[in-house]
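These notes concern the structure reproduced below.
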Amino acid sequence: MIMAGGQGTRLRPLTSNQPKPMLPVVNKPMMEHIIELLKRCGFREMVVTLQFLPTLITNYFGDGTDWGVSLEYTTEFAPLGTAGSVKNSASFLDETFLVISGDALTDIDLNQVVEFHRRRKAMVTITLIRVENPLEFGIVVTDAEGRIERFLEKPNWGQVFSDTINTGIYVLEPEVLEFIPEGQPYDFSKDLFPRLLEGGYPLYGYVADGYWCDIGNFEQYVAAHRDVLDGKVKVEIPGFRMAENVWVGEGVDIEPGAEIRGPTVLGDHCKVESGTKVREYTVLGHNVVVKKDSFLHRAIIYENSYIGNGSHLRGCVVGKNCDLKANVRLEEGVVVGDECLIGESVLVKHDVKIYPFKTVETGATVNTSIVWESRGLRTLFGKRAVSGIVNVDVTPEMALRLAMAYGSTLPVGSTVVTSRDASRAARTIKRAIISGLNAAGVNVADLEVSPAPVNRYAIRAERAEGGVDVRISAFDPQSIEIRLFDEEGIDIPESKQRDIEKVFSQASFRRAFMDEIGAIVFPPRVLEMYTRSLLDHLDLDRLRERRFRVVVDYAYSSASMILPVILGKMGCDVLSLNNFTDEKRVTLSQEDLNASLRNLSRLVKSSEAELGVLLDNAAERLYLLDEMGRQIHPQVALLLFIELMGEAGVSGNIVVPVSVTSQVEKVASRYGSKVVRTKVSRSELMKASLKDGVVFAGAGSGGFIFPSFIPTYDAMASTAMLLDALSRVEGPLSRHVNALPPIHMLSTEYLASWEQKGTIMRRLVEEYAQERVDLEDGVKIYMDGSSWVLVLPDPDEPTLHIISEAESDSEAARLIAEMTRKINALVSA
Numbered sequence: 011m012i013m014a015g016g017q018g019t020r021l022r023p024l025t026s027n028q029p030k031p032m033l034p035v036v037n038k039p040m041m042e043h044i045i046e047l048l049k050r051c052g053f054r055e056m057v058v059t060l061q062f063l064p065t066l067i068t069n070y071f072g073d074g075t076d077w078g079v080s081l082e083y084t085t086e087f088a089p090l091g092t093a094g095s096v097k098n099s100a101s102f103l104d105e106t107f108l109v110i111s112g113d114a115l116t117d118i119d120l121n122q123v124v125e126f127h128r129r130r131k132a133m134v135t136i137t138l139i140r141v142e143n144p145l146e147f148g149i150v151v152t153d154a155e156g157r158i159e160r161f162l163e164k165p166n167w168g169q170v171f172s173d174t175i176n177t178g179i180y181v182l183e184p185e186v187l188e189f190i191p192e193g194q195p196y197d198f199s200k201d202l203f204p205r206l207l208e209g210g211y212p213l214y215g216y217v218a219d220g221y222w223c224d225i226g227n228f229e230q231y232v233a234a235h236r237d238v239l240d241g242k243v244k245v246e247i248p249g250f251r252m253a254e255n256v257w258v259g260e261g262v263d264i265e266p267g268a269e270i271r272g273p274t275v276l277g278d279h280c281k282v283e284s285g286t287k288v289r290e291y292t293v294l295g296h297n298v299v300v301k302k303d304s305f306l307h308r309a310i311i312y313e314n315s316y317i318g319n320g321s322h323l324r325g326c327v328v329g330k331n332c333d334l335k336a337n338v339r340l341e342e343g344v345v346v347g348d349e350c351l352i353g354e355s356v357l358v359k360h361d362v363k364i365y366p367f368k369t370v371e372t373g374a375t376v377n378t379s380i381v382w383e384s385r386g387l388r389t390l391f392g393k394r395a396v397s398g399i400v401n402v403d404v405t406p407e408m409a410l411r412l413a414m415a416y417g418s419t420l421p422v423g424s425t426v427v428t429s430r431d432a433s434r435a436a437r438t439i440k441r442a443i444i445s446g447l448n449a450a451g452v453n454v455a456d457l458e459v460s461p462a463p464v465n466r467y468a469i470r471a472e473r474a475e476g477g478v479d480v481r482i483s484a485f486d487p488q489s490i491e492i493r494l495f496d497e498e499g500i501d502i503p504e505s506k507q508r509d510i511e512k513v514f515s516q517a518s519f520r521r522a523f524m525d526e527i528g529a530i531v532f533p534p535r536v537l538e539m540y541t542r543s544l545l546d547h548l549d550l551d552r553l554r555e556r557r558f559r560v561v562v563d564y565a566y567s568s569a570s571m572i573l574p575v576i577l578g579k580m581g582c583d584v585l586s587l588n589n590f591t592d593e594k595r596v597t598l599s600q601e602d603l604n605a606s607l608r609n610l611s612r613l614v615k616s617s618e619a620e621l622g623v624l625l626d627n628a629a630e631r632l633y634l635l636d637e638m639g640r641q642i643h644p645q646v647a648l649l650l651f652i653e654l655m656g657e658a659g660v661s662g663n664i665v666v667p668v669s670v671t672s673q674v675e676k677v678a679s680r681y682g683s684k685v686v687r688t689k690v691s692r693s694e695l696m697k698a699s700l701k702d703g704v705v706f707a708g709a710g711s712g713g714f715i716f717p718s719f720i721p722t723y724d725a726m727a728s729t730a731m732l733l734d735a736l737s738r739v740e741g742p743l744s745r746h747v748n749a750l751p752p753i754h755m756l757s758t759e760y761l762a763s764w765e766q767k768g769t770i771m772r773r774l775v776e777e778y779a780q781e782r783v784d785l786e787d788g789v790k791i792y793m794d795g796s797s798w799v800l801v802l803p804d805p806d807e808p809t810l811h812i813i814s815e816a817e818s819d820s821e822a823a824r825l826i827a828e829m830t831r832k833i834n835a836l837v838s839a
């Protein structure tokens, strides 16, 4: 009989959503160690008593075939106590049987207990073990022959007459069942044994050798792991034992530069990145990822959890499917339940318990346990997209639900255009999105591998109701972005995001009837239509006559399938780099980007080209170099476009966010153009570009919009439009760059909790009520002359962005320092 009905309340939150016998010890449920012990001792037929979350046990162990034993189950619908549980299983018990707990850890030789029982002709034999401190256990006093004389339940020191305690392992004869009432709570040590002792029945205690630990609290749970790794208890540790007592499972990936110091256990398919130190008594469950430069010591991490860069974990337990972002610190005694999200730079103080399914906001310091509340509810949409780590934050299941939520906000029979980059991750997530859209009754026009601007163009060309683009995040090959577009091809507005989030969080998805399920089509000639439409906006005769020499680095993006054709039609002589898609190189790290720009600069100069261009993965952002190989800063590039368009005779409204340089107004005014400022939001910028009279829009990040073509960032169109404008003016690109006014802007970040951000912004408005202030987005305070400071709350992180512009860099730095001091004073007030 294996007693497996316990809830393990003292081990919460680890047992909040699973029974105590299923808690892993060195990556195996405690009950699995018990079954393996029973099998080693010759037991083959086992009955398991269940009560709390029984299906988690039955689904895992089944009929016991995988362990070479036979398992039967009985379930209590109300707690019956230890003896009552056995009575509930009486139909299986017609001969001498052994009772053992499924949530303890032991290697006692059970055969010797059974032999002792039979030699003594006992009705009950209680397995005893000697301990140093018996106060927390039931003491059993025996005579020289082992016959039990008395019981003491959790005595004080004045009552301690023995150091032998009851382990809860019993050998019983079937007739004891006659003394247990049926269908009511009844306990062995409190009720049955005292009754049998009083009646003079043969009760014996066998003092066993070996290891036994009642894992009743967090300290005992951690100690049990330590004892296993020190070899104090004989259990089977999964994995291959290497030098220095390091157990390694199948498919483990330990990068060069990672330091593993035993005794430790690394489960199947773990990954430990370079610079990480895994110290003694650490246990990593299956599929755990530990990112670079982390430190783990005496940490127990359950399966499928993710530990971000630079995290520090010591003496803690992390449940399964948890996501710890970069630079998280968990101190001694911390327990994190299953499926928790811990944001970047979070500090969790010692002995704090975080219950399952909680979110802790970025930068938080957690001093008290989080039981009911969820700290810092994370929204589904970030600044630009739904994004997160592949198969950690953004899984196929999550993508399916997101697509169903999006589809539920559209009419049945609508069409949505989908696209992706060349990576396997994007392909997997896009397939889930297509399934979700179809299930909600939405048709899909799939462009497969395609740049994001082509998706946006196709929405308008196909008269679709929206679009979805999936691709690996810029500079982060571990993360993926899902971007949703509206019927104009621009990013969906915040109001639409809230509608989707509401459906997503409530799971109130529309489920289409069989004849309403959406179809999948693959639109023909979309790339040709896009190319032809763009070329219609250019003076091809003049461009062919001008015959620009250009070096283009496609950075393995899908723009390599389109832009070469466009540049060829424009008559350009082109030196192309990385002009093919590669599923393993879909995004550039910051180091790769810098190296690519250096190489591009060298080739521009050596080939005597007039322009160097590098496109990002989505073909939305542009990095420009002049004919001298100098990189043009994105804010300078913004001014350059306005200058060249003005010289070419194009004037009208120009839309920019409040955070870009005031020199925009200065350059635009030369040519009679008016500047319109918007919030620091891509969707707001794109939306504003659709208004009448707007000829150009852009941000200080390399994204430019030509609304006469499509109202969104498009690096391919930007390249073509730049060359078209250059063909209309005199002189090389560097001459126009040098003629632009200088920009003196600086920025910094100020850490502020979510609670502080609102207070700071309100007090800043009050403080500068008599000054010239712009509240379009954040608080922008204009100083003397053209100087200004913008304090902008970050929508995703607990930070404020402080941006300043002045007549010199030193003055801009002074303004930032002054504003930082002001905010410090407001916070401490």
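In my numbering, the protein residues as written are 11 to 839. Cβ coordinates follow ideal geometry from the N, Cα and C atoms, glycine included.
Exercise for review: Can you give me the start and stop residues for the beta strand (DSSP E) that Ser397 sits inside?
Suggested key: Within the sequence shown, numbered from 1, the residue matching residue 397 stands at position 387. Start and end: 396-399.
Check your understanding: Hey, Leu553 and Asp784 are a contact pair by Cβ (cut 8 angstroms); roughly how many whole angstroms apart?
Key -> Position 543 of the sequence shown, counted from the first residue, corresponds to residue 553. Position 774 of the sequence shown, counted from the first residue, corresponds to residue 784. In fact, because the Cβ distance is near 40 angstroms, the residues do not count as touching under 8 angstroms.
Review point. Asn663 lies in the alpha helix (DSSP H); which residues open and close that run?
Key: Numbered from 1 along the sequence shown, position 653 holds the residue referred to as residue 663. Counting along the chain, Asn663 falls outside any alpha helix (DSSP H), though it belongs to the beta strand (DSSP E) covering 663-667.
Check your understanding: Where does Gly168 land, buried or exposed, given buried means 16+ other C-beta within 10 angstroms?
Key -> To locate residue 168, count along the sequence shown from 1; it is residue 158. Interpretation of Gly168 is limited by its pLDDT of 37, a score under 50 that renders its predicted location unreliable; the figure taken from the coordinates is listed afterwards. Classification of Gly168: exposed, given that the 10 Å Cβ count is below 16.
Exercise for review: Could you please give the first and the last residue of the uninterrupted alpha helix (DSSP H) stretch that includes His322?
Suggested key: Locating residue 322 in the sequence shown gives position 312, where the first residue counts as 1. His322 -> not in any alpha helix (DSSP H); beta strand (DSSP E) instead, spanning 322-324.
Point to revise | N- and C-terminal bounds of the beta strand (DSSP E) containing Thr406 | key: What you label residue 406 is simply residue 396 of the sequence shown in a count that begins at 1. In the sequence under discussion, the amino acid at residue 406 is Pro, which differs from the Thr named in the question. Where Pro406 is concerned, there is no enclosing beta strand (DSSP E), although the alpha helix (DSSP H) it sits in stretches over 406-418.
Exercise for review: Quickly, what does DSSP pair Cys223 with across the bridge? List them, please.
Suggested key: In the sequence shown, counting from the first residue as 1, residue 223 sits at position 213. Beta-bridge pairing links Cys223 to Leu115.
Exercise for review: Kindly list the residues whose CB is nearer than 6 angstroms to the CB of Glu383, restricted to its own chain and excluding five residues on each side of it in sequence; keep chain order.
Suggested key: Numbered from its first residue, the sequence shown carries residue 383 at position 373. A caution first: Glu383 carries a pLDDT of 48, below 50, which makes its placement in the model too unreliable to give a value.
Check your understanding: If you draw a straight line from the C-alpha of Val256 to the C-alpha of Ile311, how long is it?
Key -> Taking the sequence shown and counting its residues from 1, one reaches residue 256 at position 246. Taking the sequence shown and counting its residues from 1, one reaches residue 311 at position 301. Approximately 16 angstroms between the Cα atoms of the pair.
**Study point:** Contact the segment 752-771 vs the segment 519-537: 3+ CB pairs below 8 angstroms
**Key:** Contact between the segment 752-771 and the segment 519-537 is absent, because fewer than three Cβ pairs lie under 8 angstroms.
Check your understanding: Alpha carbon to alpha carbon, what distance is there between Pro808 and Gly386?
Key -> By 1-based counting over the sequence shown, the position of residue 386 is 376. By 1-based counting over the sequence shown, the position of residue 808 is 798. Here Gly386 scores only 39 on pLDDT, less than 50, and its place in the model should not be relied on; the value that follows carries that caveat. Taking the straight line joining both Cα atoms gives about 10 angstroms.
Point to revise | Residue from Val685, Gly710, Ser711, Ala565 whose Cα sits closest to the Cα of Ser699 | key: Locating residue 699 in the sequence shown gives position 689, where the first residue counts as 1. Among Val685, Gly710, Ser711, Ala565, the Cα nearest to that of Ser699 is on Val685.
Point to revise | CA-to-CA distance, Thr830 to Met793, given in whole angstroms | key: Within the sequence shown, residue 793 is the residue found at index 783, counting from 1. Within the sequence shown, residue 830 is the residue found at index 820, counting from 1. Their Cα atoms are separated by approximately 16 angstroms.
Check your understanding: Thinking C-beta only, is Gly662 closer than 8 angstroms to Val705?
Key -> Residue 705 sits at position 695 when you count from the first residue of the sequence shown. Residue 662 sits at position 652 when you count from the first residue of the sequence shown. Cβ distance < 8 angstroms, so Val705 and Gly662 count as in contact.
Review point. Under three-state DSSP, which class holds Phe590?
Key: Residue numbering aside, residue 590 sits at position 580 when the sequence shown is read from its first letter. Of the three classes helix, strand and coil, the one that applies to Phe590 here is coil, per DSSP.
Check your understanding: When the distance is taken between beta carbons, is Ser483 closer than 8 angstroms to Glu637?
Key -> Walking along the sequence shown from the start, residue 637 turns up at place 627. Walking along the sequence shown from the start, residue 483 turns up at place 473. For Glu637 and Ser483, no; Cβs fall outside 8 angstroms.
Exercise for review: Taking Leu634 as part of the beta strand (DSSP E), name the residues at either end of that continuous run.
Suggested key: Locating residue 634 in the sequence shown gives position 624, counting from the first residue. Leu634 -> beta strand (DSSP E) spans 632-635.
Review point. Near Lys676, what residues of its chain come up, given a Cβ to Cβ distance below 8 angstroms and the 5 sequence neighbours on each side ignored?
Key: Mapped onto the sequence shown, residue 676 falls at position 666. Answer for Lys676: Pro751, listed in chain order.
Practice item. Excluding the 5 residues preceding and the 5 following Lys594 in the sequence, name in chain order all residues of the same chain whose CB lies nearer than 7 angstroms to its CB. Key: Stepping through the sequence shown from its first residue, residue 594 is reached at position 584. Once the five neighbours on either side are set aside, Lys594 has no close Cβ partner at all.
Point to revise | Buried versus exposed, by CB contacts within 10 Å (16 or more), Pro34 | key: As a working mapping, residue 34 is identified with position 24 in the sequence shown. It is buried - the Cβ of Pro34 has at least 16 other Cβ atoms within 10 Å.
Review point. Three or more C-beta pairs closer than 8 angstroms, one from the segment 510-529 and one from the segment 413-425: is that the case here?
Key: yes
Review point. Taking the alpha-carbon positions, what's the Arg22 to Leu802 distance?
Key: Within the sequence shown, residue 22 is the residue found at index 12, counting from 1. Within the sequence shown, residue 802 is the residue found at index 792, counting from 1. Distance between the alpha carbons of Arg22 and Leu802: 41 angstroms.
Exercise for review: Decide if the segment 342-358 is in contact with the segment 773-784; the criterion is three or more beta carbon pairs, one per stretch, under 8 angstroms apart.
Suggested key: no
Check your understanding: Can you tell which of Val123, Ser99, Gly267 has the C-alpha that lies nearest to the C-alpha of Pro184?
Key -> Locating residue 184 in the sequence shown gives position 174, where the first residue counts as 1. Closest option to Pro184, Cα to Cα, is Ser99.
Exercise for review: Since I believe Thr84 is in contact with Thr59 (beta carbons under 8 angstroms), could you give me their beta-carbon distance rounded to a whole number of angstroms?
Suggested key: For this step, residue 59 is matched to residue 49 along the sequence shown. For this step, residue 84 is matched to residue 74 along the sequence shown. With a Cβ gap of about 6 angstroms, Thr59 and Thr84 count as contacting.
**Study point:** Gln551, enclosing alpha helix (DSSP H) - first and last residue
**Key:** The residue you call residue 551 lines up with position 541 of the sequence shown. At residue 551 the sequence reads Asp, which differs from the Gln that was named. 550-556 is the span of the alpha helix (DSSP H), which, as asked, contains Asp551.
Check your understanding: What number of angstroms, rounded off, separates the C-alpha of Val258 from the C-alpha of Phe714?
Key -> Within the sequence shown, residue 258 is the residue found at index 248, counting from 1. Within the sequence shown, residue 714 is the residue found at index 704, counting from 1. Between Val258 and Phe714, the C-alpha separation is close to 51 angstroms.
Practice item. Can you grab the Cα-Cα spacing for the pair Leu213 / Arg128, in whole Å? Key: Counted from its first residue, the sequence shown places residue 213 at position 203. Counted from its first residue, the sequence shown places residue 128 at position 118. Their Cα atoms are separated by approximately 12 angstroms.
Review point. Which value, in whole angstroms, describes the spacing of the CA atoms of Ser172 and Leu108?
Key: For the purposes of this step, residue 172 is identified with residue 162 of the sequence shown, where counting begins at 1. For the purposes of this step, residue 108 is identified with residue 98 of the sequence shown, where counting begins at 1. At Ser172, the pLDDT of 48 sits below 50, so the modelled position is not reliable; the number obtained from the coordinates is stated separately. Distance between the alpha carbons of Ser172 and Leu108: 25 angstroms.
Exercise for review: Closer than 6 angstroms by C-beta to Thr65: which residues in its own chain qualify, once you throw out the five before and the five after it? Chain order, please.
Suggested key: What you label residue 65 is simply residue 55 of the sequence shown in a count that begins at 1. So no residue of the chain qualifies.
Exercise for review: Using 10 angstroms around the beta-carbon of His296, count the other beta-carbons present and answer buried if the total reaches 16, otherwise exposed.
Suggested key: Mapped onto the sequence shown, residue 296 falls at position 286. It counts as buried.
Check your understanding: Using DSSP with H/G/I as helix, E/B as strand and the rest coil, what is Gln194?
Key -> Residue numbering aside, residue 194 sits at position 184 when the sequence shown is read from its first letter. Coil, per DSSP.
Review point. Roughly how many angstroms lie between the CA atoms of Arg160 and Cys223, to the nearest whole one?
Key: As a first step, residue 160 must be located in the sequence shown, where it is residue number 150. As a first step, residue 223 must be located in the sequence shown, where it is residue number 213. Rounded to the nearest angstrom, the two C-alpha atoms are 23 angstroms apart.
Check your understanding: When the distance is taken between beta carbons, is Ile500 closer than 8 angstroms to Thr292?
Key -> The sequence position of residue 292 within the sequence shown is 282, counting from 1. The sequence position of residue 500 within the sequence shown is 490, counting from 1. Their beta carbons are not under 8 angstroms apart, which means Thr292 does not touch Ile500 by this criterion.
**Study point:** Distance between Tyr760 and Thr405 (C-alpha atoms, nearest Å)
**Key:** As a first step, residue 405 must be located in the sequence shown, where it is residue number 395. As a first step, residue 760 must be located in the sequence shown, where it is residue number 750. Approximately 32 angstroms, taken between the alpha carbons.
Practice item. Just mark Asp563 as buried or exposed, buried being the case when its beta carbon has 16 or more other beta carbons within 10 Å. Key: Taking the sequence shown and counting its residues from 1, one reaches residue 563 at position 553. With 16 or more Cβ atoms within 10 Å of its Cβ, Asp563 is classed as buried.
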